[in-house]
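Using the numbering used here, the letters of the sequence shown correspond one by one to residues 12 to 459.
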Amino acid sequence: MCQSGPVYSDADSGKYRQKKYLCKMNILIIGSGGRESAFAWKIAQSKQTAQLYIAPGNAGTGQYGQNVPIQVSDFEEIADFVLDKQINMVLVGPEEPLVKGIHDYFLERADLRHIPVIGPQRQGAQLEGSKDFAKQFMVRHGVPTAASRSFNRSTLAEGLAYLETQKLPIVLKADGLAAGKGVLICATLDEAKSELKAMLEDAKFGEASNKVVIEEYLTGIELSVFVLTDGNTYKVLPSAKDYKRIGEGDTGLNTGGMGSVSPVPFADNVFMDKVEQRIIVPTIEGLKRDGIPYKGFIFIGLMNVEGNPYVIEYNVRMGDPETESVLPRIESDLVDLLQGVAAGDLFERSFTLSSKTAATVVVVSGGYPGTYESGKAINNLENVKDSIVFHAGTREEKGGVQTAGGRVLAVTALEDTLFEALQQATADAGRIYFEGKYFRKDIGFDLL
Ligand code: AMP
Ligand code: GLY
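Written as structure tokens, this is what we have:
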């Protein structure tokens, strides 16, 4: 895994000096969003990074490494590049290549097998790729979650009858990946029945809704908890809260995420202890018991119901825009933790956290999450002095930077207090200009 590098000595332990080799690695990050920008920003700071590449990256990731025009699920092109550039580690940002089996592809090829991939194999990625699989996993391992049942086309009549017995509102979830759109919260029985039919009979979400999970509606406050595991032990990374709705006051359509804060004030030690004992430990032990190898991040979407955590969803990657708030709070070397995942000695590694608060405000194209225009010139980025601007949907064009997606930039401030971080990130989001620009000015203010 390591290229040769200088030798250094760990701090004197008092008994003996342990010598380690500093691993200088060529690292490839797969993805192109704000999350991957944050990974690139952090990994570029590591003394253990030799060359950093991002495939395909965006106009911002080019500041931290070299962008490579390869799409995230083009495994053969990725493999050729990895061999050509002697990549020592591949970090997978989004879920799609994981669910499609990028890690399995590496393990199946004799010439790639030795190169660690951070992100689970296809089987583990089912925790995100199939809501029904995730539900069965949680039930099997006693992880608290909303009561549910799953139905397919041949059991539609039973599904409709089941709906009659349930309280409202009720949640319908397409089993497969549906670009974040596959969850419906239905306020009336009529709506729930017609949506269930639309999903199962009319393939409302394509193949993703061949199966539907009908789930009890939980009332509480959501937060995201992140775990890094080598499949044996784990580290609990900083938690974050994400703001999903497009409109201020959490109104309007769901988006990929309009902002985030870390830490989450209500996730105190008592609550996080419950999360660890009731959810994280049974999840890691459950994976082991089921014989599911897992090396990578687990993003646990939680509902805090009167002080008790329930799992809403598992994702098999980091969150976006949560990563943009989480990584700036990690003071120590992320690459060291990733090496621990690859080598299976994560328990020997440690990390240090900033006591500051991070706030991220996402700047989007007007019209998002519906239709929007791209190709707008982005100006005044240089006016931002006290926040980090992570690029998401951007591209380099004729020497300038243009919009190239719905979520365009993620502006992150790290300050002593939540209030200062929110003020700084919000003010800096306002300093950037492109035609049709929109951002929420109320991110995190509900937590003050
Ligand atoms: P997901 O795609 O699983 O993240 O779900 C999208 C959103 O739907 C979540 O972030 C929650 O706000 C909401 N949601 C999902 N499941 C439930 C549930 N059982 N009760 C209440 N809200 C839910
Ligand atoms: N911010 C939510 C997600 O990454 O799925």
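Glycine residues also receive a C-beta, built at the ideal position from the N, C-alpha and C atoms.
Under three-state DSSP, which class holds residue 442?
Looking at residue 442 - three-state DSSP - the assignment turns out to be helix.
Taking the straight line between their C-alpha atoms, what separation do you get for residue 134 and residue 186?
About 15 angstroms.
Who are the near neighbours of residue 96 in its chain, counting only those whose CB is closer than 8 angstroms to its CB and skipping five residues on each side?
So the list reads 37, 39, 62, 64, once near-sequence residues are dropped.
Which class does residue 452 belong to by DSSP, given the choice of helix, strand or coil?
Coil at residue 452, not helix or strand.
DSSP beta-bridge partners of residue 252:
Answer is 272.
Can you confirm whether the segment 249-260 touches the segment 288-298 when touching is taken to mean that 3 or more C-beta pairs between the two stretches lie within less than 8 angstroms?
No, they do not touch.
Please output, in chain order, the residues near the ligand GLY using a CB cut-off of less than 6 angstroms to any non-hydrogen atom of the ligand.
Those residues are 253, 268, 326, 330, 331, 333, given in chain order.
Less than 8 angstroms between the beta carbons of residue 146 and residue 165, yes or no?
It is not a contact, given that the beta carbons lie outside the stated cut-off.
Helix, strand or coil for residue 114 per DSSP?
In the structure shown, residue 114 sits in a helix (DSSP, three-state: H, G or I).
Closer than 5 angstroms to the ligand AMP: residues, by C-beta to nearest heavy atom, in chain order:
Selection output, chain order preserved: 157, 182, 194, 226, 228, 229, 323, 324.
Outcome for residue 18 when other beta-carbon atoms lying within 10 angstroms are tallied against a minimum of 16
Low confidence applies here, because residue 18 scores a pLDDT of 42, under 50, leaving its location unreliable and the question unanswered by this model.
Round the Cβ separation of residue 148 and residue 235 to the nearest angstrom and send it over; I've been treating them as touching at under 8 angstroms.
Wrong, their Cβ atoms sit about 19 angstroms apart, outside the cutoff.
Who does residue 371 pair with in a DSSP beta bridge?
Answer by DSSP bridge pairing, in chain order: 271, 423.
Anticipated Cβ contact below 8 angstroms, residue 429 with residue 276, distance rounded:
Here residue 429 really is in contact with residue 276; their C-beta atoms are around 7 angstroms apart, less than 8 angstroms.
Given 8 angstroms as the limit, is there contact between the segment 332-341 and the segment 219-229, that is, 3 or more CB pairs closer than that?
When Cβ pairs closer than 8 angstroms are counted between the two stretches, the segment 332-341 is seen not to touch the segment 219-229, the count staying below three.
Since residue 307 and residue 130 are thought to touch, with beta carbons under 8 angstroms apart, how far apart are those beta carbons, to the nearest angstrom?
For a cut-off of 8 angstroms, the C-beta gap from residue 307 to residue 130 is around 4 angstroms, short enough to register as a contact.
Hey, residue 455 and residue 433: beta-carbon distance below 8 angstroms or not?
Closer than 8 angstroms, so yes.
Would you list the one or two residues that DSSP bridges to residue 159?
226, per the DSSP bridge assignment.
If you draw a straight line from the C-alpha of residue 323 to the C-alpha of residue 201, how long is it?
Those two C-alpha atoms are separated by around 24 angstroms.
Between which two residues does the alpha helix (DSSP H) carrying residue 296 extend?
Taken as a continuous stretch (DSSP letters only), the alpha helix (DSSP H) holding residue 296 covers 292-300.
Check whether the Cβ atoms of residue 313 and residue 325 sit closer than 8 angstroms, and answer yes or no.
No Cβ-Cβ contact shorter than 8 angstroms links residue 313 with residue 325.
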